[in-house]
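In my numbering, the protein residues as written are 19 to 168.
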């Protein structure tokens, strides 16, 4: 891309860095998550359902950003391991609630703090004020992107 092209798209370096940061975080997190005996997708579902009464597939998909087809397969595998269960929604007869079983709650209580500790050690050198600034800027970026969606 020419110098002229870069001035036309001044946001490209920031977007590249955002993607690289996300990729680094995913790689860093996935490696540790696998040492806990679950896949990253399984961890995402267990962590999302932890400390809740469960949620519909639609809500779980929104919270985890796992695609519907992948979500169903991961939930099926977690259900086969007795980590989650599906129950009929008390308010909508057409939908199901996915919730952790007692075994799933115990697994959540075991692995979630370990992963938070792992992430915390990696970010220990980032000052809390800097973390707040990063969070604020990411929220602003997300807000701008959502506002411009049709």
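Built from N, CA and C at the ideal position, the CB exists for glycine as well. All values derive from a computational prediction rather than experimental measurement.
Could you tell me whether the segment 63-72 touches the segment 154-162, using the rule of 3 or more Cβ pairs below 8 Å?
Under the Cβ criterion (8 Å, minimum of three pairs), the segment 63-72 does not count as touching the segment 154-162.
Outcome for residue 152 when other beta-carbon atoms lying within 10 angstroms are tallied against a minimum of 16:
Per the 10 Å Cβ criterion, exposed.
Going by CA-CA distance only, name the one from 87, 48, 119 that's closest to residue 102.
119
Comparing alpha-carbon positions, which option in 37, 29, 65 lies nearest residue 124?
Checking every option, the nearest Cα to that of residue 124 belongs to 65.
Cα-Cα separation, residue 32 to residue 74:
35 Å
Which one of 126, 128, 97, 131 has the shortest CA to CA distance from residue 115?
97
Can you look up residue 66 in the DSSP assignment and give me helix, strand or coil?
helix
Beta-carbon separation of residue 117 and residue 129 under 8 Å?
With contacts defined by Cβ atoms closer than 8 Å, residue 117 and residue 129 do not form a contacting pair.
Is the segment 132-147 in contact with the segment 48-57, if contact means three or more CB pairs nearer than 8 Å?
Short answer: they touch.
Going by the DSSP bridge assignment, what does residue 15 pair with across the sheet?
The requested residue 15 is not part of the displayed model; the chain covers only 19 to 168.
Going by DSSP, which residues form a beta bridge with residue 74?
115
Applying the criterion that 16 or more other CB atoms from any shown protein chain within 10 Å of the CB defines a buried residue, is residue 37 buried or exposed?
Residue 37 comes out exposed.
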